[in-house]
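Undergrad: Each protein sequence line maps, in turn, to chains L and H.
My numbering puts the first sequence at residues 1 to 359.
My numbering puts the second sequence at residues 1 to 359.
Protein chains: 2
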Amino acid sequence: MGQKQLFLKACAREPVERTPVWLMRQAGRYLPEYLKVRQQAGSFLNLCKTPALATEVTLQPIRRFGLDVAIMFSDILVVPEAMGMKLDFLEGEGPVFAEPLRESRDLNRLIRPKVEKKLGYVYNAIEEMRAALPSKVPLIGFAGSPWTLATYMIEGGTTKKFTHIKTALYRDPDFLHMLLGALADTVIDYLNGQIDHGAQAIQIFDTWGGILGPKNYRAFSLDYMTKIVRNLKKTGPDGERVPVILFSKGCASYSKDIATSGCDVISLDWTADAKKIRRQLGDKVAFQGNLDPAVLYAPEEVIRKEVRKTLKSFGNKPGHIFNLGHGMEPDMNPDNVQLLVEIIREESSHLLKRNSKKR
Amino acid sequence: MGQKQLFLKACAREPVERTPVWLMRQAGRYLPEYLKVRQQAGSFLNLCKTPALATEVTLQPIRRFGLDVAIMFSDILVVPEAMGMKLDFLEGEGPVFAEPLRESRDLNRLIRPKVEKKLGYVYNAIEEMRAALPSKVPLIGFAGSPWTLATYMIEGGTTKKFTHIKTALYRDPDFLHMLLGALADTVIDYLNGQIDHGAQAIQIFDTWGGILGPKNYRAFSLDYMTKIVRNLKKTGPDGERVPVILFSKGCASYSKDIATSGCDVISLDWTADAKKIRRQLGDKVAFQGNLDPAVLYAPEEVIRKEVRKTLKSFGNKPGHIFNLGHGMEPDMNPDNVQLLVEIIREESSHLLKRNSKKR
Numbered sequence: 001m002g003q004k005q006l007f008l009k010a011c012a013r014e015p016v017e018r019t020p021v022w023l024m025r026q027a028g029r030y031l032p033e034y035l036k037v038r039q040q041a042g043s044f045l046n047l048c049k050t051p052a053l054a055t056e057v058t059l060q061p062i063r064r065f066g067l068d069v070a071i072m073f074s075d076i077l078v079v080p081e082a083m084g085m086k087l088d089f090l091e092g093e094g095p096v097f098a099e100p101l102r103e104s105r106d107l108n109r110l111i112r113p114k115v116e117k118k119l120g121y122v123y124n125a126i127e128e129m130r131a132a133l134p135s136k137v138p139l140i141g142f143a144g145s146p147w148t149l150a151t152y153m154i155e156g157g158t159t160k161k162f163t164h165i166k167t168a169l170y171r172d173p174d175f176l177h178m179l180l181g182a183l184a185d186t187v188i189d190y191l192n193g194q195i196d197h198g199a200q201a202i203q204i205f206d207t208w209g210g211i212l213g214p215k216n217y218r219a220f221s222l223d224y225m226t227k228i229v230r231n232l233k234k235t236g237p238d239g240e241r242v243p244v245i246l247f248s249k250g251c252a253s254y255s256k257d258i259a260t261s262g263c264d265v266i267s268l269d270w271t272a273d274a275k276k277i278r279r280q281l282g283d284k285v286a287f288q289g290n291l292d293p294a295v296l297y298a299p300e301e302v303i304r305k306e307v308r309k310t311l312k313s314f315g316n317k318p319g320h321i322f323n324l325g326h327g328m329e330p331d332m333n334p335d336n337v338q339l340l341v342e343i344i345r346e347e348s349s350h351l352l353k354r355n356s357k358k359r
Numbered sequence: 001m002g003q004k005q006l007f008l009k010a011c012a013r014e015p016v017e018r019t020p021v022w023l024m025r026q027a028g029r030y031l032p033e034y035l036k037v038r039q040q041a042g043s044f045l046n047l048c049k050t051p052a053l054a055t056e057v058t059l060q061p062i063r064r065f066g067l068d069v070a071i072m073f074s075d076i077l078v079v080p081e082a083m084g085m086k087l088d089f090l091e092g093e094g095p096v097f098a099e100p101l102r103e104s105r106d107l108n109r110l111i112r113p114k115v116e117k118k119l120g121y122v123y124n125a126i127e128e129m130r131a132a133l134p135s136k137v138p139l140i141g142f143a144g145s146p147w148t149l150a151t152y153m154i155e156g157g158t159t160k161k162f163t164h165i166k167t168a169l170y171r172d173p174d175f176l177h178m179l180l181g182a183l184a185d186t187v188i189d190y191l192n193g194q195i196d197h198g199a200q201a202i203q204i205f206d207t208w209g210g211i212l213g214p215k216n217y218r219a220f221s222l223d224y225m226t227k228i229v230r231n232l233k234k235t236g237p238d239g240e241r242v243p244v245i246l247f248s249k250g251c252a253s254y255s256k257d258i259a260t261s262g263c264d265v266i267s268l269d270w271t272a273d274a275k276k277i278r279r280q281l282g283d284k285v286a287f288q289g290n291l292d293p294a295v296l297y298a299p300e301e302v303i304r305k306e307v308r309k310t311l312k313s314f315g316n317k318p319g320h321i322f323n324l325g326h327g328m329e330p331d332m333n334p335d336n337v338q339l340l341v342e343i344i345r346e347e348s349s350h351l352l353k354r355n356s357k358k359r
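1. Since I believe Y30 (chain L) is in contact with M332 (chain L) (beta carbons under 8 Å), could you give me their beta-carbon distance rounded to a whole number of angstroms?
2. Below 8 Å between beta carbons: does that hold for V265 (chain L) and Q288 (chain L)?
3. Shorter than 8 Å from the beta carbon of V213 (chain H) to some beta carbon of chain L?
4. Once the 5 residues before and after L311 (chain H) are set aside, which same chain residues still bring their CB inside 8 Å of it?
5. So who's on the other strand from V265 (chain L), going by DSSP bridges?
6. State yes or no: is the beta carbon of R171 (chain L) nearer than 8 Å to at least one beta carbon in chain H?
7. Specify, as a first and last residue, the run of the beta strand (DSSP E) that F142 (chain H) falls within.
8. Can you tell me whether V21 (chain L) is helix, strand or coil according to DSSP?
9. Which residues in chain H sit within 8 Å of S253 (chain L), going by Cβ to Cβ distance?
10. Starting from T235 (chain H), follow its DSSP beta bridges and name the residues at the other end.
11. When DSSP labels each residue in this structure, what does Q203 (chain H) get in the three-state scheme?
12. Distance cutoff 8 Å, beta carbons only. Does P95 (chain H) sit that close to anything in chain L?
13. Let me check understanding here. Comparing Cα to Cα, which of L:G42, L:C11 and L:I62 lies closest to M129 (chain L)?
14. Within 10 angstroms of its Cβ, does P299 (chain L) collect 16 or more other Cβ (buried), or is it exposed?
15. Please classify K166 (chain H) as buried or exposed, where buried requires at least 16 other C-beta atoms within 10 Å of its C-beta.
16. If we ignore side chains and look at the alpha-carbon of each, how far apart do Y373 (chain L) and L101 (chain H) end up?
17. Pairing CB atoms from the stretch 162-179 of chain H with CB atoms from the stretch 135-154 of chain H, are three or more of them under 8 Å?
18. Between the alpha carbons of T186 (chain H) and L180 (chain H), how many angstroms are there, rounded?
19. Which residues, taken in chain order from the stretch 152-172 of chain H, show a beta carbon closer than 8 Å to some beta carbon of chain L?
20. Hey, out of L:S255, L:G92 and L:Y190, whose CA is closest to N231 (chain L)'s CA?
21. Within 8 Å of any Cβ in chain L, is that where the Cβ of D331 (chain H) sits?
22. Using 10 angstroms around the beta-carbon of S356 (chain L), count the other beta-carbons present and answer buried if the total reaches 16, otherwise exposed.
23. Between the stretch 280-295 of chain L and chain H, which residues of the former have CB atoms less than 9 Å from a CB of the latter, in chain order?
24. Helix, strand or coil, according to DSSP, for D331 (chain H) in the structure here?
25. Suppose you measure from the CA of E342 (chain L) to the CA of D68 (chain L); what does that come to, to the nearest Å?
26. Taking 8 Å as the cut-off, decide whether the C-beta atoms of D269 (chain H) and G209 (chain H) are in contact.
27. Tell me, which residues are paired with I277 (chain H) by DSSP?
28. Which chain H residues sit within Cβ distance under 8 Å of V302 (chain L)?
29. Could you tell me the alpha carbon to alpha carbon distance between G282 (chain H) and K233 (chain L), rounded to whole angstroms?
30. So with Cβ pairs under 8 Å, would you call P299 (chain L) a contact of chain H?
31. What residue does the alpha helix (DSSP H) around F44 (chain L) start on, and which one ends it?
32. Provide the residue span of the alpha helix (DSSP H) that contains L191 (chain L), from first to last.
33. Hey, could you find the ends of the alpha helix (DSSP H) V96 (chain L) is sitting in?
34. Near I228 (chain H), what residues of its chain come up, given a Cβ to Cβ distance below 6 Å and the 5 sequence neighbours on each side ignored?
35. Would you say W147 (chain L) lies against chain H (beta-carbon separation less than 8 Å)?
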């Protein structure tokens, strides 16, 4: 191994010369080169399941923007699919489970998959990605949180109201806990496999934690993520520490609780008051975030102003990875992403240089 | 005037013998008697604009459940319509402004309406409602917050991504501030008219404040609501104080800021930690909320448990109005609403009796 990569240093709260940056959903429909591969793949799921194509789209934003980290191209819903649920992605509608889970006996339809067999295509992709990536760019693996996966499995797809999972939560919490427990076990197997095959960091996406109040968030989402964090391998095959990032969207006010999970990094969305949260949590964890993605619709001077604000809000202590507060959107302009990445480099170098002189 | 109503006492943080209760969207599609009137009206907008029908549906939940407060039946989007924007409600799609606002010159299409003329149907409805309501049941008037109205006027309807208003916020904040200022002025006129015609309390609905980070929330939403609160008549024609309730969904963590607006009551959604927020804010304001509406899908024992938790979380100081953390949904069972209201009466009477003995 050469020098420790910038991103992994920041995750470990070691000093860096500039703030590392990656962007949630950095591979995707806003990139013309992605759309080409997507068409070639035929379907979105086929793109996820073909290691050569998944590798190509994972590398595209690295090549184009020189980002500091790659995240494997995949989808969180491959886990429920591996557990036996039929998954479709319908054009314009998003993911659909035609036979959602609604009560305890539906759990009989689920299996605990042998991840090497059922999700081997992800592991093959990770190995291809690692081989293709420059060694200075580490690779992030990921999974959905049990709560977030359960929302899709119970609702049957994307929802605004969460009627079925909320009904389960209040009417039949045992069913929900059984499902969440089964998901946590499978996610542990799945992520440990990712680490074995070369993922150098892990992010857990809890897209829907924010629809829960503080107590239910802890009982139905955070406790299961904590179980996952505690059961992940601490180091990869190369002996390096594999940091874990938790991203619970809309849950900034639960950060103190989230830090107790044992995660290395808390990823904040754009509504979070980073300054306040860092002050509360001190040096317990590193942070990732949290530029409002909509800043990418703005002209250069606004992007610069907002980048400066974001960098300053995280303060001058080590342990910040720059990211958006949510994912890239298809209508965003790749040229603005280029600009954003350059501005982050410039501004964070200046800021960190100034700060080191002050000390 | 007879004795001060329970709801108005709670708004003024005066002691009550039981916690008053009403439910956001208490008149609506979950009630068969509403559906009948809705059909009779032909269109949703026609229902809003026909005082006799609006009065009928306002009274339905009062008659059926004996709730402690009525809220006038109307829609927040009658304000942009009165300002000159063509509004349609499409079946299954919700509200649509076919010609949304996108830049400064689009503001030329807006007028500052003479509210007595353009929104006189609302005032006529308020007078009919007051005449029909028992005197122990006060009537709440309402308006959307400037920020929330602007999202619909700029996006053109319901959205998940808020692309256009966010683009305006970062690219052309002057345009946005001009629009928000114009909306605040009209809302002030509109609400003062409601007070003149008999509204005994005012609620401002800020459904989309939660998509903003703390600084932008203050600059683009709270500041305009504060302007409204400061410019409302403090008392109605009967000389009674007219309390103002602010409801910014997803903004519980901004409660300290919200209290500086001068509002009398902060309405909290179900994700709020009421105990913590009341502890932080002490006796500055009263609170409304915040049962998860999905509890209405649960059986009686769960409803009772969750009502107890909610009552306890607001503590034993005066100044709590029981409500849901968000609105009723069309698939909810009216029998469970009846049960909920009875349970709140019982449990809050017990709790308040126990507490008064302790003192």
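Idealized CB from N, CA, C, for every residue including glycine.
TA: Concretely, from the data shown:
1. 5 Å
2. yes
3. For the record, residue 213 (chain H) in the displayed sequence is Gly; it is not Val. It does; some Cβ of chain L falls within 8 Å.
4. T19, H320, F322, I344, E347, S348 and L351
5. L:I245 and L:A286
6. yes
7. L139 to G144
8. strand
9. A252, S253 and D273
10. H:R241
11. strand
12. no
13. L:I62
14. exposed
15. buried
16. The question about residue 373 (chain L) has no answer here: the residues shown for chain L are numbered 1 through 359.
17. yes
18. 10 Å
19. K160, K161, F162, T163, K166, T167, L169, Y170 and R171
20. L:Y190
21. yes
22. exposed
23. N290, D292, P293, A294 and V295
24. coil
25. 12 Å
26. no
27. DSSP lists no partner for I277 (chain H).
28. Y170 and R171
29. 46 Å
30. yes
31. F44 to K49
32. P173 to D196
33. From DSSP, V96 (chain L) is part of no alpha helix (DSSP H) but of the beta strand (DSSP E) over G94 to F97.
34. A184, V187 and I188
35. no
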